[in-house]
Amino acid sequence: MKKKKHWYDYLWIWAIIYFALGFFNILFAWFGMIDFLVPLGIAIFGGNKFFCNHLCGRGQLFSKLGGDLKCSRNKSTPRWMSSKWFKYGFLIFFLTMFGNMVFQTYLVGAGASSLREAIKLFWTFRVPWGWTYTAGTVADWVAQFSFGFYSLMLTSLLLGLIVMVLYKPRTWCAFCPMGTMTQGICKLKNNGK
Amino acid sequence: MAKRVASVDKKRCVACGVCENTCPLAAVKVHRGCYAVVEETLCVGCGKCAKSCPVGCIEMKERVAV
């Protein structure tokens, strides 16, 4: 039985475009906010995970690469990776880093810190990324946020790709901070129904 | 009816929806973003969902005769 294709089955293309754009102009990183706000909006107002289930371009990309293109060992994900403490621990870590990124943006906006045209991978490795931005195009804090946010997106993509290769295509979904957050919201909303 | 049927461990399910997207018969769906639920009358026990589940919370079980 062939399943009917929906327009949103092609959102993996959006994921590729998003990451590609970041190599040309870092300001496109702001589009990533869609991937932050839409799932939360759907969870808060709709009380479901329609985003994770059907709209997540990143998840679809992992399915394509790991499933259709067989770039995955397809081994079972270690238990601890989907355990509560790891999922919530990673969520807290991720949000802390997000907060730190917002704070850096604030510092640049307030003039206490200067714009750094680099991205930081795995919250550790600084990679010069200056060719994607011409100084003075926008306010410094807008650019700073772009670099910071793109770092976060790229880091999580790389983490997702690593676990995709090692385990199942969508092992990332087991501890994806957005997924943990939206499922938490849904559980609260539905009160165990 | 098929001998085997998929069974979800609700406690471990992350509601990612991979099973829902993999199932050829639309027999498994994510319930209100909380966990996946198998419609046992539709499930033919093919095991595709169990194989694709990233947290391995779907188990194929012998169907209990009703």
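Protein sequences, first through last, are from chains F and V.
Going by this note's numbering, the first sequence opens with residue 1, and the numbers climb by one from there.
Going by this note's numbering, the second sequence opens with residue 1001, and the numbers climb by one from there.
Cβ coordinates follow ideal geometry from the N, Cα and C atoms, glycine included.
Please read these numbers as outputs of a predicted model, since none were measured by experiment.
On the criterion of 16 or more Cβ atoms from any shown chain inside 10 Å, does residue i qualify as buried, or is it exposed?
i               : result
A1036 (chain V) : buried
T77 (chain F)   : buried
K49 (chain F)   : buried
W85 (chain F)   : exposed
K87 (chain F)   : buried
F27 (chain F)   : The amino acid at residue 27 (chain F) is misidentified as Phe; the sequence shows Leu. Buried: at least 16 other Cβ atoms inside 10 Å.
F147 (chain F)  : buried
T105 (chain F)  : buried
G89 (chain F)   : exposed
T182 (chain F)  : buried
M164 (chain F)  : buried
L61 (chain F)   : buried
What in chain V is Cβ-close to residue i, meaning under 7 Å?
i              : result
R170 (chain F) : C1016, V1018 and P1054
K187 (chain F) : C1034
A20 (chain F)  : Simply none; closest approach about 25 Å.
T182 (chain F) : G1033
N190 (chain F) : R1032 and C1034
A43 (chain F)  : G1033
A174 (chain F) : V1014, P1054 and V1055
Output, in chain order, the set of chain F residues within a Cβ distance shorter than 7 Å of residue i.
i               : result
V1030 (chain V) : K49 and N53
Note down, in chain order, every chain F residue with its Cβ under 8 Å from the Cβ of residue i.
i               : result
R1012 (chain V) : S82
Just the chain V side, please: which residues come within less than 9 Å of residue i by C-beta, in chain order?
i              : result
G179 (chain F) : V1014, A1015 and C1016
Identify the contact partners of residue i in chain C, using a Cβ-Cβ distance below 9 Å as the criterion.
i             : result
A15 (chain F) : Going by chain labels, chain C is absent from the structure shown, which instead holds the protein chains F and V.
Item to check | Positions along the segment 1033-1049 of chain V whose CB lies within less than 8 Å of some CB in chain F | outcome: G1033 and C1034
Next on the checklist: Could you check whether the segment 175-191 of chain F touches the segment 1-20 of chain F, counting it as contact only if at least three pairs of C-beta atoms, one from each stretch, sit closer than 8 Å?
Outcome noted: no
Next on the checklist: Assess contact between the segment 31-39 of chain F and the segment 1022-1035 of chain V, defined as three or more Cβ pairs (one per stretch) separated by less than 8 Å. Is contact present?
Outcome noted: no
Checklist entry - Would the segment 41-55 of chain F and the segment 93-111 of chain F be scored as touching if the rule is three or more Cβ pairs under 8 Å? => result no
Item to check | the segment 1043-1058 of chain V / the segment 162-173 of chain F touching (three or more Cβ pairs under 8 Å) | outcome: yes
Next on the checklist: When you compare the segment 1037-1048 of chain V with the segment 115-135 of chain F, are there three or more beta-carbon pairs, one atom per stretch, that lie closer than 8 Å?
Outcome noted: no
Checklist entry - If contact means a Cβ-Cβ distance below 8 Å, which residues of the segment 53-76 of chain F contact chain V? => result N53, H54, G59, S63, G67, N74 and S76
Item to check | Touch test, the segment 1003-1012 of chain V against the segment 105-112 of chain F, Cβ-Cβ under 8 Å, three pairs minimum | outcome: no
Checklist entry - Does the segment 146-165 of chain F come close enough to the segment 119-138 of chain F to have 3 or more Cβ pairs within less than 8 Å? => result yes
Checklist entry - Where are the alpha helix (DSSP H) runs, 4 residues long or more, that stay fully inside the segment 12-43 of chain F, in chain order? => result 33-41
Checklist entry - Which full runs of the alpha helix (DSSP H) of 4+ residues lie inside the segment 60-135 of chain F, going along the chain? => result 84-110
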